[in-house]
Structures are given as C-alpha cells and as structure tokens.
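Number of protein chains: 2
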Amino acid sequence: MIGALIFIGDELICGAIENTNSVFAGRILTSYGFEIGEIVTLPDKIEIISEYLKNLIEKYEFLIICGGLGPTDDDLTNLAVAKAFNLELKENKDFLSAIYSAKEYRKSQEIAKKMALIPEGAIPLSKNFSSAGYLLKIKNKSLFFLPGVPYQFENLLQTEVIPKLLELFPERTKRIIKTLRFFDLNETDLNQVISSLPEDILSPIKIGYYPIFPELKLILQGKEEKDLEVFINKLKETFLPYLVSEKDKSLPQVIGELLKTREEKLATAESCTGGMLASIITSVSGSSLYFDRGFVTYSPESKIELLGVKKETIEKFDVVSYEVAMEMAEGVRKKTKVDYALSITGFAGPTGGTPENPVGTVYIGFSYKNKIKAFRFSLSGDRNQIQLLASYTSLDILRRYLLYGESFFSYRFATGIKERTF
Amino acid sequence: MIGALIFIGDELICGAIENTNSVFAGRILTSYGFEIGEIVTLPDKIEIISEYLKNLIEKYEFLIICGGLGPTDDDLTNLAVAKAFNLELKENKDFLSAIYSAKEYRKSQEIAKKMALIPEGAIPLSKNFSSAGYLLKIKNKSLFFLPGVPYQFENLLQTEVIPKLLELFPERTKRIIKTLRFFDLNETDLNQVISSLPEDILSPIKIGYYPIFPELKLILQGKEEKDLEVFINKLKETFLPYLVSEKDKSLPQVIGELLKTREEKLATAESCTGGMLASIITSVSGSSLYFDRGFVTYSPESKIELLGVKKETIEKFDVVSYEVAMEMAEGVRKKTKVDYALSITGFAGPTGGTPENPVGTVYIGFSYKNKIKAFRFSLSGDRNQIQLLASYTSLDILRRYLLYGESFFSYRFATGIKERTF
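For the protein sequence lines, the chains are A and L, in the order given. Here the first sequence is numbered in the UniProt record's numbering, starting from 1 and rising by one per residue. Here the second sequence is numbered in the UniProt record's numbering, starting from 1 and rising by one per residue.
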C-alpha cells in the first residue's frame, strides 16, 4: 500500500508555478490510509523520467505520475514510458475523437492529436476529457498517468484512481485521522506540552505539526477513536481558546457555522486589509446568510463619508489608531442592522508607518451589543502576511467572543486594548 | 552547476502544507543561471533521507536540503546526515547561545537545544537565527542544509547560499530570462502560433508554458537580448491584447502603474466576489494613490442603500443582471469622485444560479467618462476560481481600456454586452 508520486514539468523545477497537485494528492491518499514513500519532481527530460519510472517501480506498489501528457513540445511522458519499458506508442481512437470534438483544440488539432499517442497496454482512465490519463500495469505494479492541469488531475484522482487503489489494496491500514487547527499558538509551545503528556496517552498517537500560516495544523493519527479523544481532551485543558476546529475547518467556516446557528449577522469595515477580510468571510458558500456588507474605506475621506468617522478624530489621533478603529466599527453598527462589526486600520507595509506605530501596527475594532473594543497589534511579515494575519485575528476575536464571551481576549501579538460603549 | 533539491517533511508528503520553499528556490536558482536536475520530497525517516543524500551527491555538484533541522521529535535531518556520511554530531556553541537567547524558545529550551547538535565539519551559514542551517562539503560537493520555515529558508538562500554558489561556479551559463504574462489566452493557441514561427526566430529561444490560474506565464530563455526582442515582437503581432506584462508583473501591479501614470482613480462595488477584487487591487503597496474605496454589497439591501441601485431594477431583472451591474457601477461613480468604477454581480457557486443564469454567470460593470458598459460572462470552476476569474477579468477590462481604448473588449468567456450613458 505504499506508493510514490512523480511530478513532471520544467515549470515545477524552476519554480514558475506551485505544485498544488502534490498537496491535493498527498491529502487525499493519506486520508484513505495509503502511504506515500516519496515524491519526486522531474524536468521535461525523457532520460531522467525514464530512469525514475524504472527505479521507483521496484520500490513501490503503485506510482502516480502527473504531467507531461499535453500537446506541447515539452510534453514527453509518453515517450519516456515507451523508453523505460520498451513499449510502442499507439493512437487511441477514443482520445482522438475527444480531441477532435473539444472546443479548446478547434484551432490546433494537428498539435493536439499528439495526446492520443499512448503506450500499448495503457487503459484510459476516462473518456470525458481530451487528456484523460491512463493506467499501465508493469510487473504487477500499477502506474497511474494523469494530466498536470489541476482541475483534471484532482478530478481523475478522486473519481478514477482512488477507487481503483481501494480495490487493489483492501487490507490497507485503517487509520483514523483527525486534523486540529489552532490560531495564535506557537508550534514549540504545543510540542512542549504534548511531549510531557503521560506515555499511555501519547504513545498510540502519531503526531504531525504543520504550520499553515496563519494557522497551525496538528494532524493526529491513531487506530482507536477513544485514544484520539483522550488525547484531544488533554490538549483542550491547556489550549482551548486557541483551538479553531477539531474537524480541519478553517476560521471563516467556523465563524459561518457559529453565526448561522445564532441567526446573527456581521458587517465589516477595512482599511489596510483592503477587502481581504470580507473576501475571507465570503469565500464560504452560503455566507450571505450571515454577512451583509463590507466597507473597504481605503482613504480617509471614505472613512468619513461612508462610516461617519469624525474628521477631528483622524486629525487628533491619526487614521491608524484605537479611536478611528472604534469609530469605524461604530459606524458600521449605526448604518447597518447587524449584530457584530469588525474594523481594521493599520500599516500593512512595506511603506508607511510612524515612530509610534511602525509597519505591522494594526488596530482591530470589534463592536457587539452596545460595546466597542479596539485592540492594538504588532504584527510581523510582508504586506500580504500582515494583511492576512490582521484579517484572521479580527475573525478570531469574534470567534472567541461567540464561544467564550469576554474571557479570552488576550493574544500573543496584542499590545493594548481600549473600550467604550455606544 | 547542476544541483538537486531535497525537501524533508511528512507535512509535505501528506499534503498538509504547500511547498512554497520549492517555488522560491526554483525561481531564484534558475534566475541566477543554475540548473536544477531534480527535486525530491521525503518523509521524516532517517533511512530514505540518508539514501538520497548518498545517491544525489554522486549525480550533482551541489545539493540544497530543506527541513528537519527543528527541535521537535520529527526533525531527523542531522541524524540522517550522520548516518549517510558516518559523521559524529557535535554541539555547536554559537547555535546553542542563539537558542538560549531566543524569545520563542524561552519556555522550551531543553527541547530546542537539540537544534545545536550538528554534524562535525558543518559550517554554520549564519549566526543570526536559532535555526541557521549549515554547509557541509562531502567528496568536494557542496551540501547546504537549511531550515524549513519559509522566512528563514528564503533569507538564508538569498543571503548565504546564492553568493557561495556564485563563488563556487563562476562559469555558469549566463542566460537572459524574460517572463511574459498573458490573460484570457489558451496555452495551445499560443503554442500553435509559436511552433509555426520561422526557425531563425524560434531556435535561439527555450520556451516554457506555465498556466498559473488565471494567468498564463511564458518563460523565455535565450543568450542574446535581441533574439528575445525579435521573438516577443512576433508574439505581439498576434497576441497584443492578451499580453499583461513583459516583466512578469501581475495584473493588479500593471493596473497600478497605469493609473498612477495617468493620475486617475478607481473604486469598486462587488457582490459575488465579496471583497476579492478590492483585495487584489490593494495587495499592491502604494495602491492608496489610485484606489479610493470599495463597496462589498453582498445583500440586495446593501446595493440599494449604499449604491442607489433601484429596488424596481432588482425586482424586474434580478440582482444578477446587466442592469444591476450597470447601476452598481453608476452608483459608485455618482457617490465617489473617481474616474473608473468596476462592479461585479453573479453566481460564484456552488449553490445558487437560475436556468437563465446558472452558476458561473457573472456580470461585470465598467464605468468610464459618461459611459457604463456591462459584460456577461460564463465562467467555469469552483467558487474560488469563479471569484478569482471574475475579479481578474474586471481588472483586465480596465487594463485594455486604458491601453487600447474601446478596441479590444472581446473575451473568450464573454456571452454578451450592454451599454448606456449616465
């Protein structure tokens, strides 16, 4: 049940694109209990592709090979397969007719038909696409060849490859995997507490720490449900406020579920995050049930005109301040019938900042009931990281309030808090 | 001058995180003229790490090994190195004192000091970090060991590894690399035109096609500046409207430069993209010079209250329509002194849609001078892809207008257009 993955493409080697297929394949195979022994990324060169096909087939039960099946001159996978295993390439009639009827190849059929030349013995994985991929059995090992286009790769992996693998390896180790997500928690602090847990709680669990900015994932694998439950309950004793989800749900998803259950609504006002907070909230399908509107008040004028922030407040305290964050949140509540408002004003960098409020300084306003709180944060990272961390932190402030009331408002990078009522 | 990269970590194998270090390393090494022969990703297992260290050192001049240098129990790189090359691990005093003074390990020093045990002969790459990485020379090959935390990896690669590589290999092939970005262009259409170019124009250039949704990157490598210029001019004859940048700049960066030069301003009104358009615009530092405000009018009420969209228009044509898109854009122009307004209303999915306007239908409004245009699009993909494609398309409509006036308003997925004046 141990396989390996081969990703082919100069674009991966020279870092022109991210390998999202590797992430997807790793996740889905692992969650089904399959083990991946190694992942290899190769350039568009027949020699090395051929060499790895021959080597890895000796070490592993199955291989998944991604990329190089397309029509352009740098697509060489089929030639490499032919070389590695001494096979002829034959024109597959089903592939050919799919290519001829595809809209996207209407003007380039002579080039596109190269994709129909596949190794003898290859079993197409699907007839739906013009680049369907195929299965090849060599020395009783299963080699799955898939196109590199992510949408096609993910689809074929899910609908064709996984079911075939499940048939081939019915006795795979059944493991239960639980993915916990934390926010505002340091990996080493978590590790320290975990490694001091009693042996009987610790030993049945395989633990992986995966920082995935700005969250921290903890992937736990065990054979028995109850071992995992005991372990997780132990973690909650120390880390409850930082635990966003036990089901690998993201912060915006958790916010959505909480607000939907309470039938409450949220609106936002952002400056330095420029729409990112609203975008994160609305990345969740169905968010229209609890998200009404967002203001991206990027200029001082727009804060005054749209939210009623007072010109005098900006002049006295500067646009990046507790007071402006509070007036922004208050403005949202006054102009909109929502239960909660979140506001963000700060310096995302790399330019900007003042001696008192350098780049990374962010004020987050939170209004609930008749109250308004503003938190000051000192965040690090590049522009995108600061925007992301500020957006997530504001959502997490709301999350902690919804779950724990006003008990858990302290954060690692918070440097102050002010509040007032309406 | 050919090296290989090894990335170590179960979190990469099982897809828990994306390998951004691989992208960074690939890009920076390639741009300096170094060739990467292969990239291997391994689990946290001493045996296979050790095996690959021994194998790859025979095939390549240098190796860059990333990950497994941390303090947690799954960090095994140093042990694997010791095993592979029969070396002892020794406590490095500089590392140790850096760990003892680091804020983040204040509460976990006993665990953290494991990071100071490095192979004999290892030369630390920096004294600035508590996880600095090191250089090891084996059989006259250079092995660079770097931490997996992206900020540290990128920093060390840039400031320590690249300079050392440049010293080691002064005769590397100097290549000029130009990265072109296209939008709304199909890879096979581009390839078809390219492969029909005259031999003398084509042969000096190495070409890579890299779809990076929603753009398409074309990476051109050549020895002479003039060969690249001739080639690019040939491409422009056919593909000018689709060419976003010859300097690998993204669409929001290009929009920023165009608006700044013209001293003009933009504001936005979004529904189904929920803040993503504003977020993309403001991802560019300095965007406050040309971006004033964005409205995220996620509910019908907010469209009416904030933008002056007429209730009757929504009732007659539905909120996802040409007419509402135009009234949203018009509302932005009327309430704000900006030169351009972009609006988006549609069904991003997966839920929603009507028989006439299924999921993926997006109306984009564009207002300039005294005109308002609305375009209807039929987009495919998941929710995030539809939001991203809609956001990018709206920016591209503005880009083409700024560069070419009203000549190039046709798009692959556009299914209609309406217009009126104020």
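We put the CB at the ideal spot given by N, CA and C, even for glycine.
Give a yes or no on whether the C-beta atoms belonging to residue i and residue j are separated by under 9 angstroms.
{"i": "aspartate 73 of chain A", "j": "serine 195 of chain L", "result": "yes"}
{"i": "isoleucine 36 of chain L", "j": "glycine 275 of chain A", "result": "no"}
{"i": "asparagine 370 of chain L", "j": "threonine 421 of chain L", "result": "yes"}
{"i": "serine 271 of chain A", "j": "valine 296 of chain A", "result": "yes"}
{"i": "alanine 64 of chain A", "j": "leucine 12 of chain A", "result": "A small correction: the amino acid at residue 64 of chain A is isoleucine; alanine does not occupy that position in the sequence shown. Cβ atoms of isoleucine 64 of chain A and leucine 12 of chain A: not closer than 9 angstroms."}
{"i": "serine 380 of chain L", "j": "alanine 269 of chain L", "result": "no"}
{"i": "glycine 346 of chain L", "j": "threonine 361 of chain L", "result": "yes"}
{"i": "glutamine 385 of chain A", "j": "proline 241 of chain A", "result": "no"}
{"i": "leucine 180 of chain L", "j": "glutamate 246 of chain L", "result": "yes"}
{"i": "glutamate 187 of chain L", "j": "tyrosine 209 of chain L", "result": "yes"}
{"i": "alanine 16 of chain A", "j": "isoleucine 212 of chain L", "result": "yes"}
{"i": "glutamate 38 of chain A", "j": "phenylalanine 169 of chain A", "result": "no"}
{"i": "alanine 390 of chain A", "j": "threonine 282 of chain A", "result": "no"}
{"i": "cysteine 14 of chain A", "j": "isoleucine 219 of chain L", "result": "yes"}
{"i": "phenylalanine 375 of chain A", "j": "tyrosine 392 of chain A", "result": "no"}
{"i": "leucine 136 of chain A", "j": "proline 150 of chain A", "result": "no"}
{"i": "alanine 348 of chain A", "j": "arginine 383 of chain A", "result": "yes"}
{"i": "leucine 318 of chain L", "j": "asparagine 357 of chain L", "result": "According to the sequence shown, residue 318 of chain L is aspartate rather than leucine. Closer than 9 angstroms, so yes."}
{"i": "leucine 165 of chain A", "j": "phenylalanine 34 of chain A", "result": "yes"}
{"i": "glycine 126 of chain A", "j": "leucine 156 of chain A", "result": "In the sequence on display, residue 126 of chain A carries serine and not glycine. Against a cut-off of 9 angstroms, the Cβ pair of leucine 156 of chain A and serine 126 of chain A comes out as a contact."}
Based on the DSSP output, what are the partners of residue i in its beta bridges?
{"i": "glycine 416 of chain L", "result": "L/Arg376"}
{"i": "isoleucine 177 of chain A", "result": "A/Gln221"}
{"i": "serine 142 of chain A", "result": "A/Phe62 and A/Lys137"}
{"i": "tyrosine 368 of chain A", "result": "A/Tyr340 and A/Lys371"}
{"i": "serine 245 of chain A", "result": "A/Arg181"}
{"i": "phenylalanine 409 of chain L", "result": "Looking at the DSSP assignment, phenylalanine 409 of chain L forms no beta bridge with any residue, so it has no partner."}
{"i": "tyrosine 350 of chain L", "result": "The sequence shown places proline at residue 350 of chain L, not tyrosine. Answer by DSSP bridge pairing: none, since proline 350 of chain L is not bridged."}
For a contact meaning CB atoms closer than 8 angstroms, what does residue i contact in chain L?
{"i": "glutamine 192 of chain A", "result": "Lys107, Ser108 and Ile111"}
{"i": "arginine 27 of chain A", "result": "Cys14, Gly15 and Ala16"}
{"i": "threonine 20 of chain A", "result": "Glu18"}
{"i": "leucine 166 of chain A", "result": "Chain L residues near leucine 166 of chain A: none, gap ~18 angstroms exceeds 8 angstroms."}
Residues of chain A with CB under 9 angstroms from residue i, in chain order?
{"i": "residue 431 of chain L", "result": "Because chain L spans 1 through 422 in this model, residue 431 of chain L falls outside it and cannot be assessed."}
{"i": "lysine 217 of chain L", "result": "Glu11, Ala16 and Ile17"}
{"i": "phenylalanine 291 of chain L", "result": "Gly274, Val296, Tyr298 and Ser299"}
{"i": "serine 195 of chain L", "result": "Thr72, Asp73 and Ile111"}
Run down chain L in chain order and give the residues with a C-beta less than 9 angstroms from the C-beta of residue i.
{"i": "threonine 188 of chain A", "result": "Gly70, Pro71, Thr72, Glu104, Tyr105, Lys107, Ser108, Ile111 and Ala112"}
{"i": "glutamate 38 of chain A", "result": "Ile13, Val40, Thr41, Leu42, Pro43, Ile48 and Tyr52"}
Would DSSP call residue i helix, strand or coil?
{"i": "valine 359 of chain A", "result": "coil"}
{"i": "lysine 310 of chain A", "result": "coil"}
{"i": "valine 40 of chain A", "result": "strand"}
{"i": "leucine 124 of chain L", "result": "Looking at the sequence shown, residue 124 of chain L is not leucine but proline. Proline 124 of chain L falls in the strand class under three-state DSSP."}
{"i": "proline 300 of chain L", "result": "helix"}
{"i": "tyrosine 209 of chain L", "result": "strand"}
{"i": "glutamate 88 of chain L", "result": "coil"}
{"i": "leucine 166 of chain A", "result": "helix"}
{"i": "isoleucine 17 of chain L", "result": "coil"}
{"i": "alanine 132 of chain A", "result": "coil"}
{"i": "aspartate 75 of chain L", "result": "coil"}
{"i": "alanine 80 of chain L", "result": "helix"}
{"i": "aspartate 318 of chain L", "result": "coil"}
{"i": "threonine 421 of chain A", "result": "strand"}
{"i": "proline 150 of chain A", "result": "helix"}
{"i": "threonine 30 of chain L", "result": "helix"}
{"i": "alanine 269 of chain L", "result": "strand"}
{"i": "glycine 3 of chain L", "result": "strand"}
{"i": "arginine 293 of chain A", "result": "strand"}
Interface residues of chain A around residue i at Cβ under 7 angstroms?
{"i": "glutamate 11 of chain L", "result": "Gly208 and Tyr210"}
{"i": "serine 288 of chain L", "result": "Tyr298 and Ser299"}
{"i": "serine 302 of chain L", "result": "Asp292 and Arg293"}
Using a cut-off of 7 angstroms between C-beta atoms, extract the partners of residue i located in chain L.
{"i": "glycine 346 of chain A", "result": "What glycine 346 of chain A touches in chain L: nothing, since even the nearest Cβ is about 13 angstroms away."}
{"i": "valine 320 of chain A", "result": "Within chain L, no residue comes near valine 320 of chain A; the closest Cβ sits about 12 angstroms away, beyond 7 angstroms."}
Run through chain A and tell me which residues come within less than 8 angstroms of residue i, C-beta to C-beta.
{"i": "phenylalanine 24 of chain L", "result": "Gly15"}
{"i": "serine 343 of chain L", "result": "Going along chain A, no residue has its Cβ under 8 angstroms from serine 343 of chain L, so there is no contact; the nearest lies around 14 angstroms."}
Residues within the segment 93–108 of chain L neighbouring chain A, beta-carbon criterion of under 7 angstroms: Glu104, Tyr105, Lys107 and Ser108
Please name the residues in the segment 275–286 of chain L whose beta-carbon is closer than 9 angstroms to at least one beta-carbon of chain A, in chain order. Those residues of the segment 275–286 of chain L that come within reach of chain A (Cβ to Cβ, closer than 9 angstroms) are Gly275, Met276, Leu277, Ala278, Ser279, Ile280, Ile281, Thr282, Ser283, Val284, Ser285 and Gly286.
Using a Cβ cut-off of 9 angstroms, which residues of the segment 347–358 of chain A contact any Cβ in chain C, in chain order? Absent from the structure is chain C; the protein chains it does hold are A and L.
With 9 angstroms as the C-beta to C-beta threshold (strictly closer), list the residues of the segment 238–251 of chain L near chain A in chain order. none
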